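Numbering (my numbering), first residue to last: 4 to 736. C-beta: ideal position from N, C-alpha, C; glycine also. Please read these numbers as outputs of a predicted model, since none were measured by experiment. Working notes for the structure below.
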Ligand code: ADP
Ligand code: ZN
Ligand code: ZN
C-alpha cells in the first residue's frame, strides 16, 4: 500500500508518513498538493513531497490523512523548488519553509481560489451631503467606500477602522450597494504605457540594453548614485519584458516608506500592478498571489516574502536597495530574499538586477569576481549635481539638544533662502536615557543589558530592545534624589528644540512613533511636496528612496554612531546610511549640501567616504575583510542560543563544539569562533550566546552545520535552550 510522505510545518527536520485518506488513489496525487492531517492534538496542512511504497513507521502508529486539499499543486514547480532549496540552504525545517512560501490562507487550508466575495461600493450618485452632521461614522464609512471605487470587502473595511454594521444604514439611504467581485482578467498589452518614458542618458541606455538582452539567467549589479535614474532604468527595462508578454517582480525594503516608488510604477504602466504591502488582509494577499500566478498581474511589487510569489510568465526580477538588511529575515526561517532572487533567476532562466547606490560588500565582491555584471550610473540624471559634504568637528562645541551653533546658523540660512532642511538622527524618543545627577544611576531595562529610552509623548520609559515600558520615576531608584535628567538627544527632543529655534517654520518629525497610523507617511510626504520651507527631522525612515526636490541641506547629527560597533559590518552600515541620507540633498535644480556633525572628523574611513565616495570606501573595506578572513571571502554561519539562566546557552554551545571539533570524521577546513556571550548578553530576560563557524568550503560548512543540528536535536540539555542557525548572517549581534 502506498504512503504519503509530507512536509509539515513543525520544528522537526524530517518528513512525516501518513496513510492516504479514505477513498483516495495516491497514484494520481502530484507532489506539492496540500494534505490536511492530524498532527499531535492539532490538524495541520502539510505538503506532499512524494508517494512511497515503504515506511519505517510501525503500522499501529501510522495515521490516516484527513483530506487532500488540491487537485493541482498551488505552488508551481519553480517555487516549490525554490522553497525546498531555501529550506535546505538555510538549514530550516522543510515543512516550515514550504509553509512560509505560501500565502497565509493556503497555510491554513483554505481553497486555492479567488474570493468570490461580496464587495461594497458607493452607489453611482451617492452624495455625502445627504448625511447629516450627526452621522459622523456613516460619513467616514461612505468616504471609505468612495476611496475604493472598485469595491472593498467587509474585512478590509474593518481593517481600515470602518463599521460594517452601518453598511445597512447606507444601503437603506441608497448610498451604498454590494456586488459580486470578479477578478479582472482583461489584457492591456496594446497600450502598456500611461505616460511616455524619459529620454535616457548614455549610462542609462547601456544599463537598459544590457538587461533586456541578457537572454536567460544573468545577475546585474546596478550601482548608481542616488538620483542617477536607477528607477527609470527599472521602468524602461520592465517595459521591454511587458511588451513580450512577461511579468516583472520588484522587491523593495519597505513599501509603507516609499509610496513614491510605487506611485511611479502605477503612473507609468497601464497594466495591473499588484502591491503586496503589510496592510493587505490575508484574503487580498491570496488574490494578489493568484493574480501573479495566473499571469493577470503583470508587475508585482513587494517586500522580502514576495520572493516566493509565483509568476506564470517570469520576465525579470529587480531588488531595489539591494544592500538593505531587511531582505534578510532575522528570525525563524532566516532566508535572504536578495540571494534567493539570484537563485530563482537561475531556476527560471531570467535576469536579476540588484540596484543600489551603495552596494553591499558581498555584492561588490561578486561583481568583481565576475559573477555579476556590473552596471554603473555615475552621473545624476537631469540637471541635479552631487551634494557637497562638510565635516563639522564638534569636539570642542557644546551641543544644545543635539545641535551645534554652526549647524543652527546653516539651518537658518537655508530656510531664509526658501528651501527645506532635513535633519537625520538615528534615535527616536526624547533622550537615550535618564540619569541621576547626584549618583549617576541610569534608567536600565530590567530584562535587557540596555538603557531605557525616555519618551515625552506619551511620557514614559521604553526599552527599544524588548519593548517593555514603565512610568518615569520622580526620584532616583538608588539614592532618592529628584535630580533626574535626560541624557543625550533623540528625535523628539531635537524636534522640540527646533520648534523653539524656528517658530516660523513647520518642523515635521518622521520616525516609527509618528508614522504608525495608516497613510501617515503619505500625508507627511504630501506636506513636504507642497514645497514650502520646513524642517524634517527623523530616523532612517527619511533615508529610504524619497525624492525631496526642495531639500538643499541635509544634516547628520550623530554621524559617528555606528563607527565602533561590535559587528564587523558596523562601518559598512554607517557608510551606506550616511550616503543614503546625503542622497536626499539637492535632487532637483537646487544644489545640495550635507553637514555631518562628528567627533572623528579625521577618521580615515569618514574622510575617504566624503572625499572619494562610496566606491573608494567599499574597496578599502573589502580588502580589509579579505585580509581579516571575514565574509565575503569566507562563508559564515552562526549558531545562537538563549536560556533563562546565565551561562547555560554558552555551556550548550561549548559542548557541541567540544564534541564535534576534534572528531576526525568531521569535515575539515572549518574555523570555530566562540562560543561567546552575545554583545548584548541579556535581552528580553534571556541570556544569549553565539558560536560562529567559517569556512572557504561551503559544502564542508553545510555538512558541519547538519551535524551540529543533529547533535543539538538529540541533546537533552540543548532542548532546554532555544537555539537557532543563521546561514550567511547579516547581523552578528
Ligand atoms: P534613483 O532611483 O537612482 O535615485 P530616480 O530614477 O528616482 O533615481 O531619478 C531621479 C530623478 O531624475 C527623478 O526625478 C527622475 O524623474 C529623473 N530622471 C531620471 N532619469 C532621467 C532622464 N533620463 N532624464 C531626465 N530626468 C531623469
Ligand atoms: Zn541617584
Ligand atoms: Zn528591554
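Distance between residue j and residue i (C-alpha atoms, nearest Å)
i	j	result
residue 118	residue 97	29 Å
residue 355	residue 45	41 Å
residue 100	residue 82	11 Å
residue 328	residue 733	7 Å
residue 712	residue 659	9 Å
residue 305	residue 253	6 Å
residue 111	residue 735	34 Å
residue 612	residue 232	22 Å
residue 102	residue 11	8 Å
residue 452	residue 725	19 Å
residue 714	residue 58	24 Å
residue 604	residue 574	15 Å
residue 197	residue 423	31 Å
residue 237	residue 211	8 Å
residue 594	residue 487	44 Å
residue 262	residue 525	7 Å
residue 242	residue 249	10 Å
residue 688	residue 449	8 Å
residue 402	residue 333	36 Å
residue 23	residue 56	12 Å
Assumed close pair residue i, residue j - CB separation to whole angstroms, cut-off 8 Å
i	j	result
residue 49	residue 60	Contact doesn't hold; Cβ gap of about 15 Å is too wide.
residue 2	residue 677	Nothing about residue 2 can be reported from this structure: the residues present for the chain run from 4 to 736 only.
residue 563	residue 496	So it is not a contact: roughly 18 Å between Cβ atoms.
residue 686	residue 458	The Cβ separation is near 20 Å, so there is no contact.
residue 583	residue 547	7 Å
residue 492	residue 446	Not confirmed; about 16 Å, so no contact.
residue 540	residue 608	Actually they do not touch by this definition, with Cβ atoms about 26 Å apart.
residue 577	residue 565	4 Å
residue 126	residue 177	6 Å
Outcome for residue i when other beta-carbon atoms lying within 10 angstroms are tallied against a minimum of 16
i	result
residue 614	exposed
residue 481	exposed
residue 322	buried
residue 561	buried
residue 619	exposed
residue 429	buried
residue 301	buried
residue 281	exposed
residue 723	exposed
residue 31	exposed
residue 366	buried
residue 596	buried
Residue of the options minimising C-alpha distance to residue i
i	options	result
residue 312	469, 105 and 69	105
residue 399	628, 230 and 407	407
residue 156	353, 628 and 287	287
residue 297	569, 594 and 316	316
residue 68	27, 75 and 516	27
residue 318	601, 353, 234 and 145	353
residue 420	381, 685 and 555	555
residue 476	266, 462 and 512	462
residue 76	52, 92, 66 and 127	52
residue 625	683, 364 and 135	364
residue 95	690, 667, 339 and 682	339
residue 667	683, 681, 680 and 707	707
residue 672	19, 663 and 699	699
residue 532	220, 520, 542 and 549	549
residue 272	245, 263 and 290	245
residue 25	13, 40, 15 and 134	40
residue 71	87, 56, 43 and 34	34
residue 489	275, 456, 466 and 720	456
residue 107	283, 702 and 507	283
residue 559	332, 569, 570 and 580	580
residue 721	729, 643 and 506	643
Interface flag, residue i vs chain C, CB-CB below 8 Å
i	result
residue 236	Protein chains in the displayed structure number just one, and chain C is not present.
At what residue ranges does the stretch 120-178 contain a whole run of the beta strand (DSSP E), taking only runs of 3 or more? 121-125
Fully enclosed by the stretch 408-455, which beta strand (DSSP E) runs are 3 residues long or longer? The DSSP assignment places 423-427 and 436-439 as complete runs of the beta strand (DSSP E) inside the stretch 408-455, in order along the chain (cut-off: 3 residues).
Let me know the alpha helix (DSSP H) ranges lying completely inside the stretch 469-528, each 4 residues or longer, listed in chain order. 494-504
Segments of 4+ residues assigned as alpha helix (DSSP H) that fall wholly inside the stretch 337-419: With a minimum length of 4 residues, the unbroken runs of alpha helix (DSSP H) contained wholly in the stretch 337-419 fall at 340-351, 364-371 and 408-419.
Start-end ranges of the beta strand (DSSP E) lying completely within the stretch 651-707, minimum 3 residues: 673-686 and 689-698
Inside the stretch 206-231 only - beta strand (DSSP E) runs reaching at least 3 residues: 221-227
Which runs of the alpha helix (DSSP H) at least 4 residues long sit entirely within the stretch 247-334? Give them in chain order. 262-271 and 285-296
Enumerated in chain order, which unbroken segments of the beta strand (DSSP E) with a length of 3 residues or greater are wholly contained in the stretch 532-592? 538-541 and 554-559
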